Amino acid sequence: MSQSSAIDLRDPASSPAGEHGAAPSASGAGGAAANDSKVERLNSASARRLIDPDVDVQGRPRPIEDGAILPPELLSIAGLDLSLSEEQLAILAREELASITNMGLRFEAVLMAGFCLQMSVAEDLTDPRVVYALHEVGEETRHSRLFSRMIRDLAPTAVNPLDKPIMRRLQIWSEGQIIKRPALLDVLILAGEEIPDLFQKRAAEHPDTDPFVKAVSKYHRQEEARHLAFARMTVGEHWARAGWLERFLVRRVAPLVIGDMFGMTVHPGVYETIGLPGWETWKKANKSPARLQMRYEACAGVLRALIEAGVLRSGRIPSGWRRLCGVDRHASPAAG
Ligand SMILES: [Fe+2]
Ligand SMILES: [Fe+2]
């Protein structure tokens, strides 16, 4: 399969040659052929492991009177030394999970919009990447239905202070900018999948997590492992054809967007449901060593994927990425 048949919505005429930097090797003819067989394997795995959450992941989180669905150490306030009652911890666990799931579902909607846009203009609809995108969209719609069910059963009451008409308009505009840029979309997909993956890994492995929440986490992680493999591969292909503006956005703007995404997985309104000051607690939580460590760990996977794909180079890691991941210019953990 030639490189040109990879999913890419960009009209070649819109990318003047002068915009292009040195292309990474991952997308050469040999690289594209190797990637074809990787995608074929992902296609077979997705075809074999079809899960219908309405049949295979039944049940619901335990009711609030039966205790917290997540242990305190998995909550965003871990390490803040707040003295909270059992009841407050039980409420907070449900509200935090609902906030994370809500953001996850919306993020997946953007991913699907981007994939569908790319497919609508793909040169070759028989490309294994197109077939995989269809598998991925299918998997996202199925586990998104499960997320919707879980949010309904969690019945959160928190009000997101950013949920305002002006923010929705800004969201529509910025999502439009993202989905038309395949490399940028891939970078955000990597982050949008690595961040919940780390949270769900911890939830799935902890003995005190509610059994239904564990089941949801395990199921989602299985599918996301393939999605991550796909994004790690396509990001190099899309980067090779990205223009200067898209490259600038990936180097300088994407880490800011990812930092905001991470911070808002638990929005400030969540803390208000247990009588804490919303923004104040949110700021403290996001500066806590435990939370920073979690961000560094989740984003390390994104950074590694970008270096391996030739998008970023060790020795020249841009400052925003260094701050996001807590690393130096060589992608090694920063001192202090
Ligand atoms: Fe997903
Ligand atoms: Fe996914």
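In this note's numbering, the protein residues as written are 62 to 397.
Virtual Cβ for every residue (Gly too), placed ideally from N, Cα, C.
This one's a predicted model, so the numbers in the text were calculated from it and none came from an experiment.
Near ligand 1: residue i beta-carbon under 7 Å from a heavy atom
{"i": "H281", "result": "yes"}
{"i": "H196", "result": "no"}
{"i": "E285", "result": "yes"}
{"i": "H204", "result": "yes"}
Rounded separation between residue i and residue j - CA only
{"i": "V198", "j": "P350", "result": "36 Å"}
{"i": "G253", "j": "V314", "result": "15 Å"}
{"i": "R293", "j": "E126", "result": "42 Å"}
{"i": "R229", "j": "L251", "result": "23 Å"}
{"i": "L289", "j": "A395", "result": "26 Å"}
{"i": "A54", "j": "A392", "result": "Coverage of the chain is limited to positions 62 through 397, which leaves residue 54 absent and any answer about it impossible."}
{"i": "G165", "j": "D247", "result": "16 Å"}
{"i": "Q238", "j": "R167", "result": "16 Å"}
{"i": "L442", "j": "V192", "result": "Since the first and last residues shown for the chain are 62 and 397, residue 442 lies out of range."}
{"i": "P338", "j": "P222", "result": "12 Å"}
{"i": "F291", "j": "S144", "result": "43 Å"}
{"i": "R110", "j": "Q283", "result": "10 Å"}
{"i": "K348", "j": "A359", "result": "16 Å"}
{"i": "G79", "j": "R302", "result": "Residue placement at G79 cannot be trusted, given a pLDDT of 34 that sits under 50; the coordinates are not used to answer."}
{"i": "H328", "j": "M322", "result": "10 Å"}
{"i": "V182", "j": "V100", "result": "19 Å"}
{"i": "L385", "j": "P316", "result": "6 Å"}
{"i": "E285", "j": "A366", "result": "15 Å"}
{"i": "V388", "j": "L249", "result": "19 Å"}
{"i": "I92", "j": "D188", "result": "It should be noted that the sequence gives Gly, not Ile, for residue 92. About 15 Å."}
{"i": "A94", "j": "R155", "result": "46 Å"}
Per-residue DSSP class, three states only, for residue i
{"i": "A74", "result": "Unreliable placement is indicated for A74, whose pLDDT of 34 sits below 50; the coordinate value is still reported in the next sentence. Here A74 sits in helix by DSSP."}
{"i": "V388", "result": "strand"}
{"i": "P394", "result": "strand"}
{"i": "P85", "result": "At P85, the pLDDT of 40 sits below 50, so the modelled position is not reliable; the number obtained from the coordinates is stated separately. Coil, per DSSP."}
{"i": "S181", "result": "helix"}
{"i": "T270", "result": "coil"}
{"i": "Q232", "result": "helix"}
{"i": "Q402", "result": "Examination of residue 402 is not possible in this model, given that the chain is present from 62 through 397 alone."}
{"i": "D113", "result": "coil"}
{"i": "A286", "result": "helix"}
{"i": "V296", "result": "helix"}
{"i": "S278", "result": "helix"}
{"i": "L136", "result": "coil"}
{"i": "V248", "result": "helix"}
{"i": "Q261", "result": "helix"}
{"i": "A315", "result": "helix"}
{"i": "R383", "result": "helix"}
{"i": "I378", "result": "coil"}
{"i": "Q119", "result": "coil"}
{"i": "G371", "result": "coil"}
{"i": "I152", "result": "helix"}
{"i": "L215", "result": "helix"}
{"i": "S107", "result": "helix"}
{"i": "V327", "result": "coil"}
{"i": "R365", "result": "helix"}
{"i": "G175", "result": "helix"}
{"i": "P338", "result": "coil"}
Check: residue i C-beta below 7 Å from any heavy atom of ligand 2
{"i": "E254", "result": "yes"}
{"i": "H406", "result": "Because the chain spans 62 through 397 in this model, residue 406 falls outside it and cannot be assessed."}
{"i": "E201", "result": "yes"}
Distance CB(residue i)-CB(residue j) smaller than 8 Å
{"i": "L135", "j": "A264", "result": "yes"}
{"i": "V331", "j": "E157", "result": "yes"}
{"i": "P257", "j": "I161", "result": "yes"}
{"i": "H204", "j": "P114", "result": "yes"}
{"i": "H196", "j": "N96", "result": "no"}
{"i": "A244", "j": "V311", "result": "yes"}
{"i": "F273", "j": "G120", "result": "yes"}
{"i": "M180", "j": "A170", "result": "no"}
{"i": "S107", "j": "R287", "result": "yes"}
{"i": "W305", "j": "A370", "result": "no"}
{"i": "Y357", "j": "V118", "result": "no"}
{"i": "W382", "j": "L364", "result": "yes"}
{"i": "S209", "j": "A346", "result": "no"}
{"i": "T270", "j": "L131", "result": "yes"}
{"i": "G362", "j": "E255", "result": "yes"}
{"i": "R190", "j": "T295", "result": "yes"}
{"i": "E307", "j": "R377", "result": "no"}
{"i": "Q149", "j": "I335", "result": "yes"}
{"i": "I240", "j": "L178", "result": "yes"}
{"i": "V277", "j": "L207", "result": "yes"}
{"i": "L259", "j": "M355", "result": "yes"}
{"i": "N163", "j": "I112", "result": "no"}
Residue i Cβ short of 7 Å to ligand 4 heavy atom set
{"i": "E169", "result": "Ligands in the displayed structure: ligand 1 and ligand 2; ligand 4 is not one of them."}
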